[in-house]
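Undergrad: Taking numbering that gives the first Met the number 0, the leading residue of the sequence shown gets 0, the next gets one more, and so forth. Ideal Cβ placement from N, Cα and C applies to all residues, glycine included. Quantities reported herein were computed from a predicted structural model and do not represent experimental measurements.
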Amino acid sequence: MNLHKYLLRTLRPAAGLATLVIILLPAYAQRGSGPGTPSAPWMNSSLSPDERAALVVKEMTLDEKVSLLHGTGMAGLSPMSPLAEKSNGGAGYVVGIPRLGIPAIQMSDAAYGVRSSGENGRYSTALPDDLAAAASWDLDAAYEYGALIGRELRAQGYNMSLGGGVNLAREPRNGRTFEYMGEDPVLAGKMVSQVMRGEQAQHVIGDIKHYALNDQESGRNAVNVNIDKRAMRESDLLAFEIGLRESNVAAVMCSYNRMNGDFACENKYLLTDVLKNDWNFKGFVLSDWQGTHSVAKASAAGLDHEEPGEIFYGDAMKKAVESGTVPLAEVDDHVHRILRSMFATGVIDDPPRKSVVDVVRGFEVAQKLAEQSIVLLKNGGAQLPLDASKLRTIAVIGAHSDVGMLSGGGSAQVDPPGGNAIMPPDEGRTTWQAHIWFPTSPLKAIRARVPAAKVEYDPGTDFSSAAALAKTADVAIVFAEQWESEGMDLESLSLPDRQDDLIAKVADANPHTIVVLENGSPVTMPWVGQVAGILEAWYPGTRGADAVASVLFGDVNPSAKLPITFPKSDADLPHPTLVKPPKESTTESGDTEAWKKIAKGLPAFQVTYVEGLKVGYKWYNAERKDVLFPFGYGLSYTTYSYSSLKLTSGKSVRLSFYLANTGTRAGAEIAEVYAVLPASAAEPPKRLVGWTKVKLDPGESKDVTIEIDPWYLSIFNVDPDAWQVLPGQYTFLVGGSSRSLPLKASVDLK
Ligand code: BGC
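1. So with Cβ pairs under 9 Å, would you call E517 a contact of chain D?
2. Based on Cα-Cα distance, which residue from D62, E329 and G162 lies nearest to M106?
3. For V775, which of H69, W537 and V477 has the nearest alpha-carbon?
4. In this structure, does DSSP put Y92 in helix, strand or coil?
5. Is the region 84–103 touching the region 139–149, taking contact as three or more C-beta pairs under 8 Å?
6. Given that a residue counts as buried once 16 or more other Cβ atoms are within 10 Å of its Cβ, and exposed if not, what is A381?
7. Any idea which residues DSSP pairs G689 with across the strands?
8. Would you give the residue range spanned by the beta strand (DSSP E) that M106 belongs to?
9. Within 10 angstroms of the Cβ of N276, are there 16 or more other Cβ atoms? Answer buried if so, exposed if not.
10. Where does the unbroken alpha helix (DSSP H) through A141 begin, and where does it stop?
11. Give a yes or no on whether the C-beta atoms belonging to L516 and R448 are separated by under 9 Å.
12. Is H511 near the ligand BGC - that is, is its Cβ less than 8 Å away from at least one heavy atom of it?
13. From which residue to which residue does the beta strand (DSSP E) around Y632 run?
14. Taking contact to mean at least 3 C-beta pairs separated by less than 8 Å, is the region 463–471 in contact with the region 402–412?
15. From this set, G486, D545 and S640, which residue's C-alpha is nearest A444's C-alpha?
16. Is there at least one non-hydrogen atom of the ligand BGC closer than 8 Å to the beta-carbon of G759?
17. Using the DSSP secondary-structure output, state which residues sit across from P566 in a beta bridge.
18. Can you tell me where the beta strand (DSSP E) with G532 in it begins and where it stops?
19. Give me the Cα-Cα distance between S254 and G519, rounded to the nearest whole angstrom.
20. Report yes if the C-beta distance between N259 and V294 is below 9 Å; otherwise report no.
21. Leaving out five residues before and five after R30 in sequence, what residues of the same chain have Cβ atoms less than 6 Å from its Cβ?
22. So, at 6 Å on beta carbons, what are the nonlocal neighbours of K353 in its own chain, with the 5 sequence-adjacent residues on each side left out?
23. Which residues bound the alpha helix (DSSP H) around Q199?
24. Going residue by residue through the region 206–277, where are the continuous alpha helix (DSSP H) segments of at least 4 residues, counting only ones entirely within it?
25. Roughly how many angstroms lie between the CA atoms of L601 and S584, to the nearest whole one?
26. If you draw a straight line from the C-alpha of Q371 to the C-alpha of V693, how long is it?
27. Helix, strand or coil, according to DSSP, for Q498 in the structure here?
28. Any chance the CB of D545 is under 8 Å from a heavy atom of the ligand BGC?
29. In three-state terms, what does DSSP make of G543?
30. What does a CB cutoff of less than 6 Å around V477 pick up in its chain, not counting 5 residues either side in sequence?
31. Once you ignore the five residues that flank Y456 on each side, which residues in its own chain have a CB closer than 6 Å to its CB?
32. Shorter than 8 Å, the distance from the beta carbon of W288 to the closest heavy atom of the ligand BGC, or not?
33. Can you tell me the Cα-Cα spacing of R428 and G117, whole angstroms?
34. Rounded to whole angstroms, how far is the Cβ of R175 from the Cβ of G164, which I believe are closer than 8 Å?
35. By Cβ distance, which residues of its chain are closer than 6 Å to E671, with the 5 residues on each side in sequence left out?
36. In the DSSP assignment, the alpha helix (DSSP H) including S484 goes from what residue to what residue?
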């Protein structure tokens with residue numbers, strides 16, 4: 000209700016006060032329209048988001064301004080405000096200002112689907128995880144990924160997403176690797192920007208996180224990451240920069256960790272110098288949940304909004320403004336950024352309308368995206384695809400593959416329909432860090448492909464029984480899993496629970512053994528030489544089993560490529576051992592006062608990125624380390640050949656070459672371009688600078704052209720503090736994987 004109506008309704012019995020009402024009401028009320036009505040000047044959608052935001056800010060009281068700067072609490076993480084009752088059930092709720100027609104912001108986590116649908120009695124599609132999405136290298140698929148999430152957010156009443164994880168995989172044992180987009184900044188940045196474009200096109204506020212360098216979960220609220228400027232600008236920050244520039248995403252979530260001494264959410268270099276000044280980011284910065292540690296310092300550094308509560312950005316902020324510790328202009332800028340983001344993304348002009356999530360469409364999209372993200376890692380003796388007409392017996396082994404497939408945990412967790420598939424019906428609640436299995440059964444999906452064959456299951460817990468079943472079968476398919484989640488890191492990249500031994504035993508019993516991996520981070524494979532085939536399925540989402548079966552039986556020809564290197568062992572990582580926090584840098588689980596200690600700032604411990612620019616494949620290449628499967632690698636059921644590279648350069652470099660499908664099946668090849676910079680750049684051996692996905696029928700060849708963005712050939716020179724293309728010779732390598740690049744051409748750039 001607007002103020003005009005409210006006053007008239009409350010005062011109506013006292014007719015004598017009517018004149019007083021008219022005197023009290025401001026000018027717009029006398030025109031017959033309240034500030035929150037469609038005729039308020041900022042509701043004019045032909046004005047720019049900035050003009051509209053500025054008009055609202057002028058009308059706001061200090062209390063109203065402060066009310067936009069924080070959330071309303073979260074049990075266990077901060078005190079709850081009674082206003083939180085109006086939350087839509089998501090991770091964040093910011094009260095609106097009805098008087099001015101500004102709606103509440105209802106935020107939900109939405110990494111691979113909308114979170115908390117179980118406890119809210121709703122339904123959400125689980126897509127393949129974000130790393131899987133990156134494995135498609137497919138910009139259209141990434142857009143569709145975001146669009147589906149955006150639609151389901153709106154259907155559930157949310158107008159802001161908290162997805163968009165794009166921290167580079169410097170530390171692949173990070174328990175959130177599945178929420179991010181791999182180890183290359185250009186691939187990760189471009190893919191996340193498409194996800195954000197897809198989301199924001201549905202009129203929800205998008206968000207990229209966790210800015211920046213939150214690369215391990217162990218001690219995440221305390222760790223101080225030490226890194227030099229050039230290394231961060233050219234790798235970790237570049238992923239964010241590309242993501243932001245190419246999507247106009249409206250929000251950035253700053254991370255828990257410290258970076259070069261200051262918490263990310265009060266780090267002037269990160270928030271103001273780089274994000275707001277250099278990148279010209281117009282949206283708002285919100286803190287990760289409990290990532291705020293101060294009022295004046297954070298505000299001056301560029302933090303616009305505190306989540307989940309108001310430890311710093313509520314009353315304390317108001318007092319700081321009144322006492323002059325925080326200039327009002329600074330608060331106005333925070334508020335302006337939040338409002339302009341709401342106008343720019345359309346959440347004010349086109350608010351969400353609750354409706355029924357399109358379950359069927361969700362299944363279709365989830366399956367299609369999973370099929371595009373499954374990587375064929377090994378196919379000895381053309382074991383795959385399986386020929387349904389020839390198989391009489393199949394052994395399906397391990398990883399609860401009789402009932403479901405695994406998903407990634409933490410705040411990314413999507414709730415499976417009917418509850419956790421490995422629990423009795425209705426008992427499998429998705430509590431924090433429970434291992435959640437989606438009811439997508441590989442056993443059933445395989446049986447459906449070969450109705451005449453005997454397809455038997457063994458849980459894989461007793462190795463001899465699994466091997467005995469495998470021995471009797473034409474083919475043994477072992478499902479192997481590595482669970483991970485926010486709030487923990489992997490001890491190592493080895494498969495847990497002696498699954499390596501299980502696979503080795505089964506492979507001993509049956510030479511036709513295929514391994515299907517369900518994992519969030521790379522895994523090591525001591526059995527790689529013993530098995531015939533390996534499929535990387537990631538956490539494949541709600542239709543994972545059907546997607547896996549489509550690839551196993553050849554309905555889908557795999558096209559995905561690894562967005563992350565699979566090293567041979569943990570010893571080959573830049574940091575063979577993950578740095579763990581000392582006790583004083585952590586809080587005990589169950590400590591009800593933990594939020595106070597975190598707010599104050601737990602004592603720092605140090606992680607130093609001595610590897611600098613050498614992230615992921617750049618490390619293995621520079622250190623000349625052999626790897627298990629390189630970045631950019633992935634097989635197909637057909638073969639491709641690359642030839643006739645031509646290079647022209649003017650304003651940008653343009654490469655053209657022939658790509659032919661030399662096999663017998665239709666397929667899609669991701670052709671990758673890497674650049675070797677001049678020696679004076681002192682860069683790692685090569686970097687990804689472009690790619691394209693080309694569909695080819697058997698025997699077909701195409702002339703492929705890829706234009707290289709000069710930015711991707713640049714180095715970040717810290718002295719002028721700018722990107723620069725250094726003069727010298729640039730060599731371009733083209734092929735189907737970072738370690739298989741048959742074409743080469745060079746050019747001198749001035
Ligand atoms: C996570 C964020 C998440 C937030 C809200 C935090 O613990 O780090 O990624 O968006 O919680 O659930």
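TA: Reading off the structure:
1. Among the protein chains of the structure shown there is no chain D, as only one such chain exists.
2. Comparing Cα positions, the closest option is G162.
3. The displayed coordinates of the chain run from 0 to 749. Any statement about residue 775 would go beyond what the structure contains.
4. DSSP places Y92 in the strand class (E or B) of the three-state scheme.
5. In this structure the region 84–103 does not lie against the region 139–149, because fewer than three pairs of beta carbons, one per stretch, are closer than 8 Å.
6. Its Cβ having fewer than 16 others within 10 Å, A381 is exposed.
7. Partner(s): V672.
8. For M106, the enclosing beta strand (DSSP E) starts and ends at I104 to S107.
9. Within a 10 Å sphere around the beta-carbon of N276 sit fewer than 16 other beta-carbons, which makes this residue exposed.
10. Taken as a continuous stretch (DSSP letters only), the alpha helix (DSSP H) holding A141 covers L138 to A154.
11. Note that the C-beta distance between L516 and R448 is not below 9 Å.
12. Outside the cutoff, so no.
13. Where Y632 is concerned, there is no enclosing beta strand (DSSP E), because DSSP gives it neither an H nor an E.
14. Segments in contact, no.
15. It is D545.
16. Nothing can be reported for residue 759, as the shown portion of the chain is limited to 0 through 749.
17. V626.
18. Taken as a continuous stretch (DSSP letters only), the beta strand (DSSP E) holding G532 covers G532 to E535.
19. Each residue's Cα considered, the two are about 21 Å apart.
20. At the C-beta level, N259 and V294 stay beyond 9 Å of one another.
21. In this prediction, R30 scores a pLDDT of 40, lower than 50, which makes its location untrustworthy; the coordinate-derived value is nonetheless stated afterwards. Nothing meets the Cβ criterion.
22. If the five residues before and after K353 are omitted, its C-beta is found closer than 6 Å to the C-beta atoms of G156, all from its own chain and listed in chain order.
23. Here the alpha helix (DSSP H) through Q199 covers P184 to Q199.
24. If we require 4 residues or more, the alpha helix (DSSP H) runs fully inside the region 206–277 come out as 228–233 and 235–244.
25. A direct Cα-to-Cα measurement between L601 and S584 gives close to 5 Å.
26. Roughly 13 Å separates the two Cα atoms.
27. When secondary structure is reduced to three states using DSSP, Q498 falls in the helix class.
28. D545 Cβ: outside cutoff for every heavy atom of the ligand BGC.
29. Three-state result, G543: helix.
30. Correct list, in chain order: I396, G397, I502, V505 and V514.
31. Cβ neighbours of Y456 beyond the five flanking positions: V395, D401 and L442.
32. Result yes, Cβ under 8 Å from the ligand BGC.
33. Distance between the alpha carbons of R428 and G117: 8 Å.
34. Beta-carbon to beta-carbon, R175 and G164 are separated by about 7 Å, close enough to satisfy the 8 Å threshold.
35. By the criterion of a C-beta distance shorter than 6 Å, E671 is surrounded in its chain by G631 and W690, once the five residues flanking it on both sides are discounted.
36. From DSSP, S484 is part of no alpha helix (DSSP H); its letter is neither H nor E.
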